[in-house]
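So the protein lines, in turn, are chains A and B.
Taking our numbering, the leading residue of the first sequence gets 149, the next gets one more, and so forth.
Taking our numbering, the leading residue of the second sequence gets 114, the next gets one more, and so forth.
Don't be surprised by glycine CBs; every beta carbon is placed ideally from N, CA and C.
Just so you know, these numbers come straight off a predicted model, no measurement behind them.
In what follows, a single structure is set out as structure tokens and then discussed.
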Amino acid sequence: MAHPDSNSLLLSAESLALIDAEVAKYPADQKQSAVMGALRIAQNERGWLKPELIEFVADYLDMPAIAAYEVATFYNMYDTQPVGRHKITLCTNLPCMLMGAGELGEHLKEKLGIGFGQTTEDGRYTLKEGECMGACGDAPMCLHNNHVMHTHLTPEKVDELLDKLK
Amino acid sequence: MSLLKPTVKVCSWTQELTDPASLATYVANGGYQALRRIVTEQMPGDDIIAELKTSALRGRGGAGFPTGLKWIFMPRAFPGDKYIVCNSDEGEPGTFKDRDILRYNPHQLIEGMAIAGYVLGAKVGYNYIHGEIFEIYDIFERALKEAREAGYLGDKLFGTDFSFQLHAHHGYGAYICGEETALLESIEGKKGQPRFKPPFPASFGLYGKPTTINNTETLASVPWIMQHGGQAFLELGKPNNGGSKLFSVSGHVNNPGNFEVPLGTPFAELLEMAGGVRKGHKLKAVIPGGSSAPVLPGDVMMDCTLDFDSIAKAGSMLGSGAVIVMDETVCMVRALERLSYFYFEESCGQCTPCREGTGWMYRVIHRIEHGQGRPDDLDLLNSVASRIGGHTICALGDAAAMPVQSFLKHFGDEFAYHVEHKRCMV
């Protein structure tokens with residue numbers, strides 16, 4: 149159980165300033181609108197959204213913790229379980245599949261020794277299967293830690309990417 | 114290329130310029146002139162809507178609803194808060210056109226939204242951007258900052274009483290938020306579960322206030338129309354299908370990408386622009402409007418022109434203009450299995466027919482693909498699909514059912530072969 153005062157330490161001043169900028173986008177009585185951005189910012193800093201962190205974000209936005217938890221579990225780019233330092237989300241939807249995403253998925257699984265939804269024992273990589281990322285002309289593709297897209301993938305390019313991610 | 118000339122590149126004209134996304138590039142080529150003129154001359158909103166009606170601009174997000182008509186639904190004289198929302202939550206498999214507007218021509222969207230705000234009486238707008246393209250979200254945030262600093266967004270624009278604020282909001286991995294009421298829920302900081310309609314967003318939208326929601330490409334077309342007139346836009350395309358449209362071509366072509374062509378262009382021309390079918394293979398099938406649109410056999414598609422009416426007549430939908438090309442090597446059972454998994458994964462779970470039916474359809478197709486199909490499985494799939502479509506709050510149910518029904522209609526023999534021989538005929 150966390151110390152009652154420890155919540156104040158859950159996010160850095162930088163992250164809180166970013167969350168404040170999100171809050172400012174919405175009407176003063178609609179702070180909850182900032183929860184999507186706030187959870188993203190919190191996850192960026194802390195790696196994943198543990199329940200205490202979700203509660204902290206909810207408190208910060210004056211919303212019920214369960215409402216923030218609903219958001220964190222509904223949208224699949226939020227991680228409510230620990231993930232590796234590098235989360236690779238491979239799109240396998242039809243346009244990517246047509247361009248070889250299935251074979252890339254097998255290559256990644258074999259190379260990392262894990263399946264989709266799993267993390268390597270050293271905590272370096274998590275592999276996820278993703279849905280359409282809206283860049284199908286550049287297929288096949290993956291996301292690194294949600295925000296960096298790597299396109300036109302081949303097994304060789306995947307190997308290069310993995311080697312770069314320490 | 115520039116916004117000053119009425120070329121067919123309505124939304125993609127900046128792409129060949131240096132620094133295409135910058136305010137300087139946009140303004141140097143006629144950007145924000147339409148907004149400035151409308152606001153400073155206090156052009157009546159009715160006149161702008163009349164131009165949109167003349168233009169036959171139809172919603173570019175998938176439904177093809179006439180934009181001028183949609184704007185009329187808004188109670189413009191309502192004295193309280195009203196909102197304009199842009200739907201850039203581009204997650205329909207095969208669709209990647211709005212991403213290019215946001216990264217190469219964000220200011221034309223900003224200008225279009227400001228004009229919409231002026232006409233509809235909205236002082237605030239939000240652009241909801243697909244979470245997976247976060248690098249593009251950052252580009253759009255930078256464009257907003259530039260527009261604010263240059264006085265194209267903010268209080269009392271051009272020294273008039275018109276004020277308009279615009280903000281970016283991102284999704285974070287939920288296809289359903291492309292549905293407009295789910296999108297509104299998501300902006301409100303909730304799960305993206307669609308709302309029952311009526312009431313429609315025009316009367317009860319964001320925060321319960323009158324709201325108009327348009328697609329990125331739709332809103333980005335507005336400055337062009339106000340610059341050159343509705344008639345010029347209409348004449349780019351064909352009657353009832355005004356303008357050009359971005360088509361996203363993916364799958365088995367040599368040169369996938371976005372191509373902006375007049376509505377009514379033959380599909381064969383688009384295919385040629387995309388480099389033709391890869392490796393000289395034969396064209397087997399095309400999904401013409403994003404994964405939810407019914408699949409069409411290649412030979413049927415080759416006789417179509419790219420406009421709402423022609424594709425509808427052929428039994429599918431122009432949808433978002435996302436053209437997924439499949440060559441002769443594709444196993445249609447495997448293709449449908451993947452699409453069905455997508456709808457199963459992305460169903461928000463609110464309506465029973467969709468929540469249960471999408472999983473059921475996926476499991477049946479999965480077993481057919483894996484050699485465990487049963488003789489009555491094809492009838493079962495049609496039966497389940499017909500009980501989802503039209504029985505849910507939003508269109509995701511229909512979107513899940515239509516691929517199943519159309520794959521079985523056009524490629525039923527492949528499914529039957531899988532069931533009978535426990536393997537693929539391709």
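Residues near residue i in its chain [Cβ-Cβ closer than 6 angstroms; skip 5 each side]
{"i": "H151(A)", "result": "Low confidence applies here, because H151(A) scores a pLDDT of 45, under 50, leaving its location unreliable and the question unanswered by this model."}
{"i": "P379(B)", "result": "T418"}
{"i": "E441(B)", "result": "H394, K395 and K397"}
{"i": "G244(B)", "result": "H283, G284, Y285 and G286"}
{"i": "Y139(B)", "result": "H220"}
{"i": "D153(A)", "result": "Confidence is the limiting factor: at D153(A) the pLDDT is only 47, short of 50, which leaves the residue's position unreliable, though a coordinate-based value still follows. Counting only Cβ-Cβ distances below 6 angstroms, and skipping sequence neighbours, we find nothing."}
{"i": "T274(A)", "result": "V231, G232, K235 and T267"}
{"i": "A227(B)", "result": "L148 and F277"}
{"i": "F186(B)", "result": "A315"}
{"i": "R173(B)", "result": "N328, E330 and T331"}
{"i": "W196(A)", "result": "D227, P230 and V231"}
{"i": "I167(A)", "result": "A186 and I189"}
{"i": "C461(B)", "result": "I289 and Q306"}
{"i": "G271(A)", "result": "G232"}
{"i": "K535(B)", "result": "G484"}
Closest residue to residue i among the options (Cα-Cα distance)
{"i": "E164(B)", "options": "G302(B), F346(B) and F277(B)", "result": "F346(B)"}
{"i": "A190(A)", "options": "E203(A), M245(A), S181(A) and Q178(A)", "result": "E203(A)"}
{"i": "A235(B)", "options": "V374(B), G355(B) and P188(B)", "result": "P188(B)"}
{"i": "G428(B)", "options": "A508(B), V438(B), V123(B) and G402(B)", "result": "G402(B)"}
{"i": "M414(B)", "options": "A260(B), A147(B), V438(B) and R149(B)", "result": "V438(B)"}
{"i": "N354(B)", "options": "G321(B), T329(B), I424(B) and A406(B)", "result": "I424(B)"}
{"i": "I162(B)", "options": "H504(B), G343(B) and P375(B)", "result": "G343(B)"}
{"i": "L266(B)", "options": "I249(B), Y239(B) and E248(B)", "result": "Y239(B)"}
{"i": "Q463(B)", "options": "S499(B), F421(B) and C507(B)", "result": "C507(B)"}
{"i": "K351(B)", "options": "S168(B), E373(B), P466(B) and G158(B)", "result": "S168(B)"}
{"i": "S201(B)", "options": "L257(B), K166(B), V232(B) and T331(B)", "result": "T331(B)"}
{"i": "L376(B)", "options": "S404(B), S405(B), F421(B) and K392(B)", "result": "F421(B)"}
{"i": "E259(B)", "options": "L136(B), H504(B) and C461(B)", "result": "L136(B)"}
{"i": "A512(B)", "options": "E205(B), T131(B) and L170(B)", "result": "E205(B)"}
{"i": "T221(A)", "options": "E348(B), V408(B), G302(B) and P369(B)", "result": "G302(B)"}
{"i": "R261(B)", "options": "E248(B), D274(B) and H280(B)", "result": "H280(B)"}
Rounded Cβ spacing between residue i and residue j (contact assumed at less than 8 angstroms)
{"i": "F191(B)", "j": "P323(B)", "result": "5 angstroms"}
{"i": "S433(B)", "j": "G175(B)", "result": "5 angstroms"}
{"i": "K218(A)", "j": "L158(A)", "result": "Before going further, note that residue 218(A) is Glu rather than Lys in the sequence given. Actually they do not touch by this definition, with Cβ atoms about 20 angstroms apart."}
{"i": "L359(B)", "j": "K210(B)", "result": "4 angstroms"}
{"i": "E203(B)", "j": "R212(B)", "result": "6 angstroms"}
{"i": "L242(A)", "j": "R451(B)", "result": "5 angstroms"}
{"i": "L252(A)", "j": "V306(A)", "result": "6 angstroms"}
{"i": "G207(B)", "j": "S404(B)", "result": "6 angstroms"}
Cut-off 8 angstroms between Cβ atoms - residues of its own chain near residue i, not counting five sequence neighbours on either side
{"i": "Y217(B)", "result": "S125, T127, Q128, P133 and A134"}
{"i": "H531(B)", "result": "V446, I481, E482, G484, G486, C537 and M538"}
{"i": "L116(B)", "result": "W126, Y139, N142, G143, G144, Q146, Q221, P336, W337 and Q340"}
{"i": "K179(A)", "result": "V171, L209, D210 and M211"}
{"i": "V121(B)", "result": "L349, S357, E373, V374 and P375"}
Nonlocal neighbours in the same chain, by C-beta distance under 7 angstroms from residue i, ignoring five residues either side
{"i": "L449(B)", "result": "I478, P516, V517 and F520"}
{"i": "A283(A)", "result": "M289, M297 and T299"}
{"i": "M149(A)", "result": "The predicted position of M149(A) is uncertain, since its pLDDT is 41 and thus under 50; no value can be drawn from it."}
{"i": "V237(B)", "result": "Y196 and Q278"}
{"i": "T237(A)", "result": "K276, G278, C290 and L291"}
{"i": "P410(B)", "result": "A398 and H523"}
{"i": "P119(B)", "result": "H341 and A345"}
{"i": "H295(A)", "result": "none"}
{"i": "P303(A)", "result": "L252 and H255"}
{"i": "V123(B)", "result": "S334, W337, G356, S357 and E373"}
{"i": "L130(B)", "result": "M114 and T138"}
Residue i: CB within 7 angstroms of a non-hydrogen atom of the ligand NAP
{"i": "I162(B)", "result": "Inclusion of the ligand NAP in the displayed structure is not the case, the ligand content being empty and no account of it being possible."}
Within 8 angstroms, strictly: CB atoms of residue i and residue j
{"i": "A318(A)", "j": "V171(A)", "result": "With chain A running from 149 to 314 in the structure shown, residue 318(A) is simply not present."}
{"i": "L98(B)", "j": "I289(B)", "result": "Since the displayed chain B opens at 114 and closes at 539, residue 98(B) lies outside it and no answer follows."}
{"i": "I501(B)", "j": "G472(B)", "result": "no"}
{"i": "K235(A)", "j": "K276(A)", "result": "yes"}
{"i": "A333(B)", "j": "I214(B)", "result": "yes"}
{"i": "H365(B)", "j": "L246(A)", "result": "yes"}
{"i": "A514(B)", "j": "A529(B)", "result": "no"}
{"i": "N367(B)", "j": "G388(B)", "result": "yes"}
{"i": "G525(B)", "j": "L494(B)", "result": "no"}
{"i": "G158(B)", "j": "V232(B)", "result": "yes"}
{"i": "A406(B)", "j": "T325(B)", "result": "no"}
{"i": "T505(B)", "j": "C467(B)", "result": "yes"}
Can you find at least 3 beta carbon pairs, one from the stretch 139 to 156 of chain B and one from the stretch 197 to 209 of chain B, that sit closer than 8 angstroms? no
Within the chosen definition, does the stretch 265 to 274 of chain B reach the stretch 307 to 323 of chain B through at least 3 CB pairs nearer than 8 angstroms? no
I want to know whether the stretch 289 to 304 of chain B touches the stretch 247 to 260 of chain B - three or more CB-CB distances under 8 angstroms. no
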